[in-house]
Amino acid sequence: MSSEAEHPGLKLLALDGGGIRGLSELLMIKEVMHRLMLEENKKRKTLGLAPLDTLPKPCDHFDLIGGTSTGGIIALMLGRLRMDVDTAIMCYDHLAKEVFSEVKRGLGDRKFKASKLEEVIKCTVAEMTGDSETPLLEHGEDFCRTFVCARNAQNMNANIPVLFRTYDSHETHTGCKIWEAARATSAAPTFFKRIEIGRGQQHFIDGGLGSNNPSKVVLDEAKKVFPNRQIGCIVSIGTGQVGTISIDRPGFLQHLIPTDVIEALQGIATDCEAKHEEMLALFDNSPNTYFRLNVDQGMQNIKLSEWEKLSNVEAHTAQYMRRKEVEKTLTLLVNVMGTHRGQLTIEQLISPKPPIQSTGYMEDRKHCPPPVLSFTGRNDILQKMYSYFDDDRGSAQHIFVLHGLGGAGKSQLAFKFVHDSQANHRFSEIFYIDATNEQTLEIDLQAVAPAAAGKSAQASRQWLAGRQAEQKEWLLFFDNADDVEVDISKFFPRCTFGNILITTRNQDLCLHARDEDTVSKVSNMIAEDAKDLLLRLAGEGRSNQQEKLAGAIVKELNCFALAVAQAGGYIHTRSNLREYLELYQNHRDRLLRRTEIQGLDQYGRAVYATWDLSYGKLSSAGQTLLQICSILHHEGISEHIFQKAATAPQDFDDSDVSKEVTLLLNQLGKRDEEWDSLAFREVMGELESYSLIERDRQAASYAIHPLVQHWSGATMGTNKYAMQKCVLTIISSSITGSFKDEDYKYRQKLLLHAARSTHSLNPDQLNPLVAARIALVYGEGGRWNDAEPLLVAVMETHKRVLGKEHPETLMSINNLALTYRNQGRWNDAEPLQVAVMETSKRVLGEDHPSTLTRIANLASTYSDQGRWKDAEALGVAVMETSKRVLGEEHPDTLTSIANLASTYHYQGRWNDAEVLEVAVVETSKRVLGEEHPDTLTRIGNLALTYWNQGRWNDAEVLEVAVVETSKCVLGEEHPDTLASIANLASTYWNQGRWNDAEVLEVVVMEASKRVLGEEHPNTLTRIGNLALTYWNQGRWNDAEALQVAVIETSKRVLGEEHPDTLTRITNLASMYQNQGGT
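In case it helps, the UniProt record's numbering puts the sequence shown at residues 1 to 1078.
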């Protein structure tokens, strides 16, 4: 929710009349568009986007274009017909030659054929729109508004131009065609006959008679169309300085030209420069807002109809633009056009209200807008504000800051507070200040004090500070104080009383608040409030189905106030709840950028456009960091990721991506092999200042709003995939080959970042080392299905590039086989493991650490398959060799011991298993750390052995500890955590605590189905365990249903003779026997 002041500054274009000299205007506009393209391409290069190869269209850069005579025709070409400049030049050149090359035969004052002009214009309109009779009027909001000036031939003395507009107005000429408007504005006496338009058949002639320089008309019209918008710039372009126009003696067969027409024609030249001087005076206090481009030498002798001198016009215009002062003006103009925010509103600029010359208040004091009718919720913040401002704080000012992301609803919340305060007479006076920039602050503040106190911001501050004796509790409300370059505190009255309220995107302004009770972050709405707002705006009623749909929509919108309001407006005018939900899921970016439904219930700009303002003010480094954050997960964005990547050795052979990553990191804080933390925090602080990023002080990380993420991602266009590769390279660069406790914990924090960064990315596009490290993060996070395609791509690339027996290739095959094993695909894993083991023995040697690891992995697969003798033989051999080659406390040796213990466990040799497990647990705690994932797994295995030995209390103690630690370290749904919960449930079962066991088993079964898949061996085990619990509870039908289903799946997945399948068949038989069944 925002005010109109948040829109980008208005960009206005006024085009003089001048016959064939109008080509000069087009050439100057082309130069401006060319320079704008160069500036845009600089930005795009920084962002890694492809450069623009065609000039931008003026209609995409100007909000309003007005023109007179041939300047009017150009306005219609650029605005209504949306031509690019080159097309307009071509069309203009054709028009000039066709119309002015044939002089009308016979006597008379109209030298050229109006029918020929009509024919050329109609052909141009048909070529651009498909219909020569296309109406002038356009509908909607998102287009460049255009008008042309004409004069009523029957009322020349009024000196009021008639405007033919492309947009709705109470003065719109209904039914007017584009060609008719073009004829009206160019019907210059002595050149073309007048034109009759409308039912009343009014006669119109060239608008240049009195308004040949339409810049003031453009400004006045902009005031009507955009009453509260700030001006960015107004560009007035002339057709060259000329002398007074002379008029030949009229032909006696034609009507005599009226005297007022002759006087108007002769005044055209002086009118253009007089208007220019008037505009200069108007903008005297607003530098760099009004720009006039007009060739001042060489055009004097080129008559309006001398089409054969078009090349002369081009030459004089080019010479004019090469002049240093013009070059400076063009550079300044392009810089201003690239600035989003304006300086003054049109009202403030062209309608200044002088103070009443008395002791009364200024007439131009602003009043706080009311909240929108649909204002909903925020009661917690409102109550906080009421309590604070009602509190007697002694000798100190009350200062309260509402800060947050643009569109979160800060201003509306403040409007609501002010409205309620007026009703409750909380303050003696309330002064509303537009804090958009220093000029608006000065203007609004100077209107606060009575005229007698002086007309300046300083006088108003002093007047407010001096009111303590009157016991006045005034409120000074600074709205939209977003500009980080403005020191708002210098506008505070210097006193120890009074009240100040600030709304801002700039988090730095929170420093003005006394403590946490005097500041509130305005973020997402409460879900129920957001749903209520949506339904109120949508106007669709409140059935259960509509409530459910509304809940789903606000969830998609993250309960963001402006997004909810915009959705409500869209649904109200052109959709319904069900359709919108589907549209949003398929066309999110387009919907959030829509502008034509704005204005509903006084809400401001579109969601994405709100943030575009902030984006344009960011440095190149700030924009880069924001786009990187749009690739990462929206929470847990840590400086450590960038620091580790910047200081790690660069070992990637993809030179293009590697170079790009180096450039990105250099922008953020990389200094050779060192990391500049202060530089990084300055860039991140820039994003914080616009509330685009939020810092989590406790977690020492940052978060970005999900909608801001989507918007920032959309700014990259097709370059998003290239940025994804860079971000993944940064993530993988931050990963070391170490497997210590802290390394596991760090990689665990990368899991969500890796998942979001690889979204929709083809694994084949990644460097193999990057893909392998991201797969490691997935694997340790238990997301084996996500790791698999990455590992397949790595293996295939290594086979093709390095060869099938290269050590890196063997490593990639081994990693893929491990993933298959973890997925429960033991038959897929086994052949890969056998092959890689044999090749490793031959290529690396039998005692090589990698060979030993692969033998141990194969032994674990045999154990999973129930081939315990085979597993034991390999396990004993690899354990002994590892002790000898690597040492007894090497992590790989510990793994081999743990694997052998598991094999003993499966064989029912629990005492043998216990001996190994106790030793390996103690060593793992010392070597790896007590919270290392491998240590937790080994403690869990020891607990399982205790369970099998009937030592259920000992098992329970270990299992409870493992469950809690695993939840904290790995996450609640990590496969290892689920395994520890399942083990604890089994212990409860053996203790006869079937209800406690059931609670855990239901949870772990559902999570296993979701995380591992419904046919994963571990999921099947957990379903079978729940069935046994149901059986012990006497719920035989429930138990039978689960057991029958799990046996069928086990036969298909594991095989009919797998030990687990046989155990489940035995369990079902026992159930039938106890039921007396067969």
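Using N, Cα and C, we set each Cβ at its ideal position, and we do this for glycine too. Since this is a predicted model, take the numbers as computed values, not measurements.
When beta bridges are read from the DSSP output, Phe291 appears opposite Val235.
With a contact defined as Cβ atoms closer than 8 Å, Trp179 and Ser132 qualify at about 7 Å. Cβ neighbours of Val607 within its own chain (closer than 8 Å, five residues either side excluded): Gly407, Phe560, Leu562, Ala563, Gln566, Leu592, Arg593, Leu707 and Trp711. For His398, there is no enclosing alpha helix (DSSP H); the residue is found in the beta strand (DSSP E) stretching over His398 to His403. DSSP places Thr68 in the uninterrupted beta strand (DSSP E) bounded by Leu64 to Thr68. Assigned with DSSP and collapsed to three states, Tyr92 falls in helix. Burial of Asp84 is indicated by the presence of at least 16 other C-beta atoms within 10 angstroms of its C-beta. Around the beta carbon of Ala423, fewer than 16 other beta carbons lie within 10 angstroms, which makes this residue exposed. Under the rule that a run must span 3 or more residues, the beta strand (DSSP E) segments found entirely inside the stretch 440-487 read 474-479. Taking each of Arg292, Ala184, Ala182 and Asn228 in turn and checking the Cα distance to Ile234, the smallest one comes out for Arg292. Excluding sequence positions up to five before and after Tyr702, its CB lies within less than 6 Å of the CB of Ile637, Ile693 and Arg695, all in the same chain and listed in chain order.
In this structure, DSSP gives Leu832 a helical state, which the three-state scheme calls helix. Rounded to whole angstroms, the gap between the alpha carbons of Thr68 and Ile20 is 13 Å. Listed as beta-bridge partners of His759 by DSSP are no residues whatsoever. Counting every other CB atom within 10 Å of its CB across the protein chains shown gives Glu1001 a total of 16 or more, marking it as buried.
It is roughly 10 Å from the alpha-carbon of Ala188 to the alpha-carbon of Ala150. It is roughly 8 Å from the alpha-carbon of Lys97 to the alpha-carbon of Glu308.
By the Cβ test, the stretch 499-510 is in contact with the stretch 677-694, since at least three Cβ pairs between them sit closer than 8 Å. A Cβ-Cβ contact shorter than 7 Å links Ala754 with Ile774.
Contact between Asn1025 and Gln1043 does not hold, since their C-beta atoms are separated by about 11 Å, which reaches or exceeds 8 Å. Rounded to whole angstroms, the gap between the alpha carbons of Leu665 and Glu127 is 50 Å. When beta bridges are read from the DSSP output, Pro135 appears opposite Lys177. By the criterion of at least three beta-carbon pairs nearer than 8 Å, the stretch 1012-1028 is in contact with the stretch 1055-1066. Boundaries around Lys11 are those of the beta strand (DSSP E), Leu10 to Leu15, since no alpha helix (DSSP H) includes it. Counting the other CB atoms within 10 Å of its CB gives Asp487 a total below 16, which places it among the exposed residues. By the beta-carbon neighbour count (other beta carbons within 10 angstroms, threshold 16), Glu25 is buried. Under DSSP, the beta-bridge partners assigned to Ala703 are Glu694.
Take the alpha-carbon of Ser428 and the one of Asp483: they are about 29 Å apart. With respect to Val554, Leu534 sits close: the two C-beta atoms are nearer than 7 Å. Segment contact: the stretch 640-647 against the stretch 734-750, three or more CB-CB distances shorter than 8 Å; contact assigned. Annotated three-state conformation of Ser520 is strand, per DSSP. Going by DSSP, Glu780 is part of the alpha helix (DSSP H) stretching over Pro768 to Glu780. Here Val876 has Leu900 as same chain residues with Cβ atoms under 7 Å from its own Cβ, once five neighbours each way along the sequence are excluded.
Counting only runs of 3 or more residues that sit fully inside the stretch 982-1035, no beta strand (DSSP E) segment turns up. Per DSSP, reduced to three states, the secondary structure at Asn499 is strand. Counted as a single uninterrupted DSSP element, the stretch harbouring Tyr432 is not any alpha helix (DSSP H) but the beta strand (DSSP E) occupying residues Glu429 to Asp434.
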